[in-house]
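The block underneath contains the structure these notes are about, expressed in structure tokens.
In this note's numbering, the protein residues as written are 10 to 211.
Have a look at this one:
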């Protein structure tokens, strides 16, 4: 007996699977992880995501940011943010300043640690050719370089900033590199998870 598949049902199912795969792929860049630190007898929750500047003239390639909430044995709470900024190789060095914009209120961050690095990646360009006996071999035709500047910052959030974030509708981070003004805005889903992190008891 022949079995026929409804074309509309098949397309709907395929679209649903595609959306689920897309969502799961995006989730790797917007994840919230909790763990216990037996060394310092504390509980740590970390929100990690990757952000970009929507300005196409920005020197920023991407920002990897991790927001760590630590609850200590005495129930004191501390929030530390770790930034890794990847900049175009031709950009100016990034200034050692970070500003957090909660809605329209500006919070200058006090940077604890700074690291700078020049990342250089060289890859080979190859081409397949046929020899006289019809054997295919690959030869190196040249090299390409993919260079970028890396800057790493870490800083803590004040209680005042935390209280503002809880009721905020928009959260942005601002950096400066020469004439370049870099702004990374959290997506609504990431801001929602940040608020969940703040409200998380343990």
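Even for Gly, the Cβ is constructed at its ideal location relative to N, Cα and C.
Which same chain residues, not among the five before or five after residue i, have their C-beta less than 6 Å away from its C-beta?
| i | result |
| --- | --- |
| residue 72 | 60, 94 and 193 |
| residue 41 | 56 and 202 |
| residue 200 | 180 |
For residue i, collect the residues of the same chain with a Cβ closer than 7 Å to its Cβ; drop the 5 residues on either side in sequence, then sort them by chain order.
| i | result |
| --- | --- |
| residue 35 | Any reading at residue 35 must be qualified, since the residue scores a pLDDT of 37, below 50, and its modelled position is unreliable; the value itself is stated next. Same-chain partners within the cutoff: there are none. |
| residue 62 | 69, 191, 192 and 193 |
| residue 139 | 145 |
I'd like the span of the beta strand (DSSP E) that includes residue i, first residue to last.
| i | result |
| --- | --- |
| residue 95 | 86 to 97 |
| residue 71 | 69 to 80 |
| residue 115 | 114 to 118 |
| residue 39 | 39 to 46 |
| residue 52 | 51 to 60 |
| residue 108 | 107 to 111 |
Kindly list the residues whose CB is nearer than 8 Å to the CB of residue i, restricted to its own chain and excluding five residues on each side of it in sequence; keep chain order.
| i | result |
| --- | --- |
| residue 203 | 56, 76, 174, 180 and 195 |
| residue 114 | 173 |
Measuring CA to CA, which of the options is closest to residue i?
| i | options | result |
| --- | --- | --- |
| residue 101 | 159, 81, 110 and 116 | 159 |
| residue 70 | 86, 78 and 97 | 97 |
| residue 124 | 141, 147 and 92 | 92 |
| residue 103 | 67, 166, 116 and 41 | 67 |
| residue 53 | 186, 80, 39 and 40 | 80 |
| residue 169 | 178, 187, 200 and 111 | 111 |
| residue 106 | 187, 126, 198 and 99 | 187 |
| residue 156 | 126, 210, 171 and 45 | 126 |
Throw me the rounded Cβ distance for the residue i and residue j pair, which I believe falls under 8 Å.
| i | j | result |
| --- | --- | --- |
| residue 164 | residue 121 | 6 Å |
| residue 166 | residue 58 | Contact doesn't hold; Cβ gap of about 16 Å is too wide. |
Complete runs of the beta strand (DSSP E) confined to the segment 121 to 209 [at least 3 residues]: Qualifying beta strand (DSSP E) stretches, in chain order: 145 to 165, 180 to 186 and 189 to 194.
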